[in-house]
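Some notes on the structure that comes next.
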Amino acid sequence: MTSTTFNDKPFVVRSPDVTYTDDEMVSKYTYQTTLVEGNVVTPKSETLYFKTQTKVPKVGVMLVGLGGNNGSTVAAGILANKHGLTWNTKEGEKKANYWGSLCMASTVRLGNDSNGNAVNVPLRNLLPTAHPNDFVLGGWDICSDNLADAMVKASVLDYDLQQKLKPMMVDKKPLPSIYFPDFIAANQSERADNVLTGTKQEQMDQIRKDIREFKEKNNLDKVVVLWTANTERFSALEPGINDTKENILASITRGEEEVSPSTIFACASILEGCSYINGSPQNTFVPGVIELAEEHKVYIGGDDFKSGQTKMKSVMVDFLVSAGIKPTSIVSYNHLGNNDGRNLSAPQQFRSKEISKSNVVDDMVDSNKMLYKEGEHPDHVVVIKYVPYVGDSKRALDEYTSEIFMGGKNTISMHNTCEDSLLASPLIFDLVIMAELCERIQVKKEGGKWEGFHSVLSLLSYMLKAPLVPPGTPVVNALFAQRQAIINVMRACAGLAPENHMLLEHRLKSEIDGLAAGPDASVEAPAAKRVKA
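Written out as structure tokens, the structure reads:
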């Protein structure tokens with residue numbers, strides 16, 4: 001009987017296909033896939049090279065919505081972890097952690113030891129990654145509250161912890177942000193006392209200046225910008241306005257009404273060479289913005305944090321369809337009382353959220369034509385209500401009705417209490433960590449030139465409800481497929497085969513050759529290079 005071991009130390013890959021230098025590692029990798037042409041199936045393989053810069057840079061993170069529930073919780077979480085804070089609750093002492101973060105709190109199977117035991121390592125150890133404790137945090141908000149007051153208003157963290165954090169946060173204030181009342185709920189106007197003025201072009205110029213000054217002041221190597229502000233209404237897609245990179249920039253100059261604040265932030269970030277991530281459901285990335293990102297070779301990612309109900313849904317529907325069970329009705333009801341819920345109580349903003357929450361099952365349904373005829377789809381309803389009393393403690397109720405064997409019916413009902421900001425904040429860390437890591441990875445074919453990933457960084461899909469993908473490519477919503485993509489790309493960069501879960505060494509009578517420990521099995525790994533903030 002085998003057991004599992006855990007290794008938290010850096011490791012070195014001993015392989016003729018992996019080379020290390022002081023600043024980078026290069027792996028030779030055989031990418032295998034399968035081409036299906038009618039009834040003919042052809043295995044395909046191609047040699048690729050992955051080059052990863054191993055020096056972790058000093059990273060700045062600028063949040064749009066720094067003073068909101070998520071922004072203040074992220075700031076508080078970094079400080080609490082950096083200072084190793086503990087605090088008391090009625091359940092006893094608690095200690096700061098990064099639980100809920102894929103990068104900071106999950107493990108992956110690295111391989112087996114010579115005894116056949118699985119060896120698990122922190123996911124972040126597959127490659128050198130940035131640490132949230134080292135992030136330099138800044139950003140914008142339409143509300144002028146300092147971060148201590150914002151944290152208190154959010155009512156997310158325990159009182160004792162708030163008291164310890166207040167002195168560290170009281171002097172931190174967000175920069176003035178962009179506020180176009182037409183794009184968010186009217187009830188947000190009372191918060192809007194910290195807003196930029198001037199034309200849309202002037203406001204974009206100011207955002208670009210803010211990014212440059214933040215980078216210079218803090219001596220940063222790079223900045224990642226992330227939207228965690230209010231959900232906006234959808235922007236109308238109009239020829240001549242937002243359909244090309246030239247038109248979107250010209251529309252900002254002209255002050256066109258359908259250019260949203262989030263789109264201006266995206267354009268400003270791209271023009272400054274900063275990865276930009278959209279954590280809300282609106283269509284920030286109109287075609288012109290995607291073109292602009294491609295032209296400047298800057299990464300963009302979206303849309304909408306996948307933290308609670310939708311994450312469960314992507315697992316549940318994947319399980320049902322993969323098991324040959326046919327979901328026919330999916331009804332999701334939510335109520336929450338934080339400012340996100342207040343903003344979503346307006347119809348246009350709710351519609352943005354409804355779209356992002358409703359499309360999450362599409363690829364899984366489309367994958368099984370034995371269950372679903374062409375054009376057939378489960379009835380799928382999403383309801384969100386604002387109930388101030390429950391605050392950040394969102395309630396999510398789901399009912400899944402499915403057809404099973406011989407005309408039978410199966411109903412699964414689920415109640416999920418989601419501490420909204422405590423689930424979303426770790427996703428912000430993950431999105432920044434992965435986006436920054438991808439900036440240090442290049443790929444080339446045999447005899448080709450080094451290049452990065454496509455500007456639309458679909459590798460971030462695990463953290464996002466409505467994954468943005470390169471034009472013409474498939475959307476994957478199944479949660480475990482999304483997670484495995486991250487792990488296997490990181491393994492490829494490290495020169496390791498993808499994790500295929502075959503485990504033939506445990507399923508065959510004969511032993512698999514090559515699993516015994518080789519000479520110099522105790523080679524010490526080079527330390528990951530990490531720049532402290």
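Residue 533 is where the sequence shown ends in full-length UniProt numbering, and the numbering goes up by one at each step.
For glycine and all other residues, C-beta sits at the position ideal for the given N, C-alpha and C.
Closest by CA to residue 557, which one among Ser101, Met104, Ala80, Val432?
-> Nothing can be reported for residue 557, as the shown portion of the chain is limited to 1 through 533.
In DSSP terms, what Gly301 is bridged to | For the purposes of this step, residue 301 is identified with residue 301 of the sequence shown, where counting begins at 1. Partner(s): Ile277.
Given that a residue counts as buried once 16 or more other Cβ atoms are within 10 Å of its Cβ, and exposed if not, what is Asp379?
-> Taking the first residue of the sequence shown as position 1, residue 379 is located at position 379. Asp379 should be labelled exposed.
Own chain partners of Ala494 with C-beta closer than 7 Å, once the 5 adjacent residues on each side are dropped | What you label residue 494 is simply residue 494 of the sequence shown in a count that begins at 1. So the qualifying residues of the chain are Val13, Ser27, Leu126, Leu127.
Taking all protein chains shown into account, do 16 or more other C-beta atoms lie within 10 angstroms of the C-beta of Pro471, making it buried, or fewer, making it exposed?
-> Taking the sequence shown and counting its residues from 1, one reaches residue 471 at position 471. So Pro471 ends up on the exposed side.
Using the Cα positions of Val443 and Val432, report the straight-line distance between them to the nearest angstrom.
-> By 1-based counting over the sequence shown, the position of residue 443 is 443. By 1-based counting over the sequence shown, the position of residue 432 is 432. Each residue's alpha carbon lies about 21 Å from the other.
Closer than 6 Å by C-beta to Asn88: which residues in its own chain qualify, once you throw out the five before and the five after it? Chain order, please.
-> For this step, residue 88 is matched to residue 88 along the sequence shown. Taken in chain order, the residues that qualify are Asp160.
Taking C-alpha atoms, which residue in Ala186, Gly116, Asn97, Glu272 lies nearest to Asn133?
-> Taking the sequence shown and counting its residues from 1, the one referred to as residue 133 is at position 133. Checking every option, the nearest Cα to that of Asn133 belongs to Asn97.
If you compare alpha carbons, which of Leu503, Pro261, Ile248, Asn219 is closest to residue 542?
-> Outside the shown range of the chain, which is 1 to 533, sits residue 542, and nothing can be said about it.
Specify whether the segment 57-66 and the segment 224-239 touch according to this definition: at least 3 beta carbon pairs, one from each stretch, less than 8 Å apart.
-> yes
Does DSSP classify Glu238 as helix, strand or coil?
-> The residue given as residue 238 occupies position 238 in the sequence shown. If DSSP states are grouped into helix, strand and coil, Glu238 belongs with coil.
Measure the Cβ-Cβ separation of Met463 and Lys306 and say whether it is below 7 Å.
-> Numbered from 1 along the sequence shown, position 463 holds the residue referred to as residue 463. Numbered from 1 along the sequence shown, position 306 holds the residue referred to as residue 306. Cβ distance < 7 Å, so Met463 and Lys306 count as in contact.
Near Tyr276, what residues of its chain come up, given a Cβ to Cβ distance below 6 Å and the 5 sequence neighbours on each side ignored?
-> The residue given as residue 276 occupies position 276 in the sequence shown. Around Tyr276: Val225, Ala266, Ser269, Ile300.
Within 10 angstroms of its Cβ, does Pro327 collect 16 or more other Cβ (buried), or is it exposed?
-> Position 327 of the sequence shown, counting from 1, holds the residue named residue 327. It counts as buried.
Whole angstroms is fine: what's the gap from Thr473's alpha carbon to Gln53's?
-> For the purposes of this step, residue 473 is identified with residue 473 of the sequence shown, where counting begins at 1. For the purposes of this step, residue 53 is identified with residue 53 of the sequence shown, where counting begins at 1. C-alpha separation (whole angstroms): 28 Å.
If you draw a straight line from the C-alpha of Ser522 to the C-alpha of Asn7, how long is it?
-> Position 522 of the sequence shown, counting from 1, holds the residue named residue 522. Position 7 of the sequence shown, counting from 1, holds the residue named residue 7. Confidence at Ser522 is low in this model, with a pLDDT of 49, below 50, so its placement is unreliable and the value that follows should be read with caution. Between Ser522 and Asn7, the C-alpha separation is close to 13 Å.
Pull up the CB-CB distance for Arg254 and His335, whole angstroms please, since I reckon it's below 8 Å.
-> In the sequence shown, the residue the question calls residue 254 occupies position 254. In the sequence shown, the residue the question calls residue 335 occupies position 335. The beta carbons of Arg254 and His335 sit about 41 Å from each other, so the pair does not count as a contact at 8 Å.
Counted within 10 angstroms of its Cβ, other Cβ atoms place Pro10 as buried (16 or more) or exposed | The sequence position of residue 10 within the sequence shown is 10, counting from 1. By the neighbour-count criterion, in which 16 or more other beta carbons inside 10 Å mark a residue as buried, Pro10 falls on the exposed side.
Quick check: the segment 13-24 against the segment 172-185, are there 3 or more CB pairs under 8 Å?
-> no
Which value, in whole angstroms, describes the spacing of the CA atoms of Pro239 and Ile290?
-> Your numbering for residue 239 matches position 239 in the sequence shown. Your numbering for residue 290 matches position 290 in the sequence shown. Those two C-alpha atoms are separated by around 15 Å.
C-beta contact flag for Met151 and Gln162 at 7 Å = As a working note, residue 151 is residue 151 in the sequence shown. As a working note, residue 162 is residue 162 in the sequence shown. Yes; because the gap between Cβ atoms is below 7 Å, this pair is in contact.
Do the segment 419-428 and the segment 36-43 meet, that is, are 3 or more Cβ pairs less than 8 Å apart?
-> Segments in contact, no.
For residue 534, the nearest candidate out of Glu399, Glu272, Ile512, Ser367 (CA to CA) | Limits of the chain in this structure are 1 at one end and 533 at the other, which puts residue 534 out of reach.
Could you give the distance in angstroms between the alpha-carbon of Lys385 and the alpha-carbon of Gly337?
-> To locate residue 385, count along the sequence shown from 1; it is residue 385. To locate residue 337, count along the sequence shown from 1; it is residue 337. Their Cα atoms are separated by approximately 9 Å.
Using alpha carbons as the reference points, say which of Ser322, Pro176, Ile211 lies closest to Val195.
-> Position 195 of the sequence shown, counted from the start, is the residue given in the question as residue 195. It is Pro176 whose Cα lies nearest to the Cα of Val195.
Straight-line CA distance for Cys274 to Glu403?
-> Looking up residue 274 in the sequence shown gives position 274. Looking up residue 403 in the sequence shown gives position 403. Their backbone Cα atoms lie some 48 Å apart in a straight line.
Quick one: residues in its chain with C-beta nearer than 7 Å to the C-beta of Val156, no 5 flanking neighbours on either side, listed in chain order?
-> Taking the first residue of the sequence shown as position 1, residue 156 is located at position 156. Here Val156 has Asn69, Thr73, Asp392, Ser421, Leu422 as same chain residues with Cβ atoms under 7 Å from its own Cβ, once five neighbours each way along the sequence are excluded.
Where the alpha helix (DSSP H) containing Gln484 begins and where it ends = Your numbering for residue 484 matches position 484 in the sequence shown. Gln484: member of the alpha helix (DSSP H) spanning 479-494, first to last residue.
With 16 other Cβ atoms within 10 Å as the buried cut-off, status of Ile512 = As a first step, residue 512 must be located in the sequence shown, where it is residue number 512. Counting Cβ neighbours within 10 Å, Ile512 comes out exposed, since fewer than 16 surround it.
Below 8 Å on the Cβ atoms is my guess for Leu102 versus Asp430; work out the distance and round it to an integer in Å.
-> For this step, residue 102 is matched to residue 102 along the sequence shown. For this step, residue 430 is matched to residue 430 along the sequence shown. Correct: roughly 5 Å between the Cβ atoms.
Can you check DSSP and say which residues form a bridge with Asp141?
-> The residue labelled residue 141 in the question sits at position 141 within the sequence shown. Bridge partners of Asp141: Pro176.
Hey, out of Val119, Lys222, Met62, His83, whose CA is closest to Glu439's CA?
-> In the sequence shown, the residue the question calls residue 439 occupies position 439. The residue from Val119, Lys222, Met62, His83 with its alpha-carbon nearest to that of Glu439 is Lys222.
Closest Cα partner of Ser461 within the set Ala481, Phe453, Ala130, Asp205 = As a first step, residue 461 is located in the sequence shown; it is residue number 461 there, counting from the start. Answer by Cα proximity: Ala481.
Val40 in three-state terms, based on DSSP = The sequence position of residue 40 within the sequence shown is 40, counting from 1. Of the three classes helix, strand and coil, the one that applies to Val40 here is strand, per DSSP.
Of the listed residues Ala130, Lys311, Gly139, Pro16, nearest to Arg483 (C-alpha basis) | Here residue 483 is taken as the residue at index 483 of the sequence shown, counted from 1. The shortest Cα separation from Arg483 among Ala130, Lys311, Gly139, Pro16 belongs to Lys311.
Sort Ala492, Asn115, Val315 by Cα distance to Thr30 and report the nearest one.
-> In the sequence shown, residue 30 corresponds to position 30, counting from 1. Considering only alpha carbons, the answer is Ala492.
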